[in-house]
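The next block holds one structure in the form of C-alpha cells; read it before the comments.
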Amino acid sequence: MAEVTDADFAAEVIGSELPVLVEFTADWCPPCRQMAPVLSALATEEGERLKVVQLDVDHNPETTNAYKVLSMPTFLVFRGGEPVKSMVGARPKRRLLEEIADAL
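Anchor point for the sequence shown: position 45 equals 45 in the UniProt record's numbering, and the numbering is continuous, going up by one each time.
So this is what it looks like as C-alpha cells:
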C-alpha cells in the first residue's frame, strides 16, 4: 500500500483520477496496525476502482491539521479532489467496503 506525505498529497490524492481511501495512521496506534492487512487486501482487490494510501500523522502535520484529523485511524474518501466520506476507528473489511460503496 502506498504512503503519501504532505509534499505529495495534492498530486497523489487530490489529483487522482480514481477515488482515494486515505488512512490517517501512526506507528503507535494498535487499531491502525490492525487495519494494515485489511487495507492491503482492499488495495489489491479494488485497485481498478479505488486507490488506497496511508498518511503518517506524526510526520505529516500539515495535511493532518488541514482535514482536522484528531483520532487514529481516520479514513477519508476523496473523489474528484474533495473529501466525500469520513470514518473513524478500525472496522472489518466487509463493513469498510459497505461504508465506502457509495463513494466508488
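Note that the Cβ used here is the ideal one computed from N, Cα and C, for glycine as well.
This one's a predicted model, so the numbers in the text were calculated from it and none came from an experiment.
Whether residue 104 touches residue 19 by CB criterion (8 angstroms): Yes. Within cutoff.
Residue 25 vs residue 70 beta-carbon contact at 8 angstroms: The criterion of a C-beta distance shorter than 8 angstroms is not satisfied by residue 25 and residue 70.
Counterpart residues of residue 92 in DSSP-defined beta bridges: Residue 92 pairs with nothing; no bridge assigned.
Paired residues, beta bridge with residue 54 - DSSP: Answer is 3, 23.
Reference residue 85; option with closest CA among 63, 76, 6: The shortest C-alpha separation from residue 85 is found at 76.
Inter-residue Cα distance where the pair is residue 37 and residue 93: Distance between the alpha carbons of residue 37 and residue 93: 9 angstroms.
Distance CB(residue 43)-CB(residue 52) smaller than 8 angstroms: Yes; because the gap between Cβ atoms is below 8 angstroms, this pair is in contact.
Beta-carbon contacts of residue 99 that lie in its chain and below 8 angstroms, excluding the five residues immediately before and after: A distance below 8 angstroms between beta-carbons, with the five flanking residues on each side excluded, links residue 99 to the following residues of its chain, in chain order: 85, 87, 91.
Own chain partners of residue 64 with C-beta closer than 8 angstroms, once the 5 adjacent residues on each side are dropped: Answer for residue 64: 24, 55, 57, listed in chain order.
Inter-residue spacing [alpha-carbon to alpha-carbon] between residue 80 and residue 50: When rounded, the distance between both Cα atoms is 12 angstroms.
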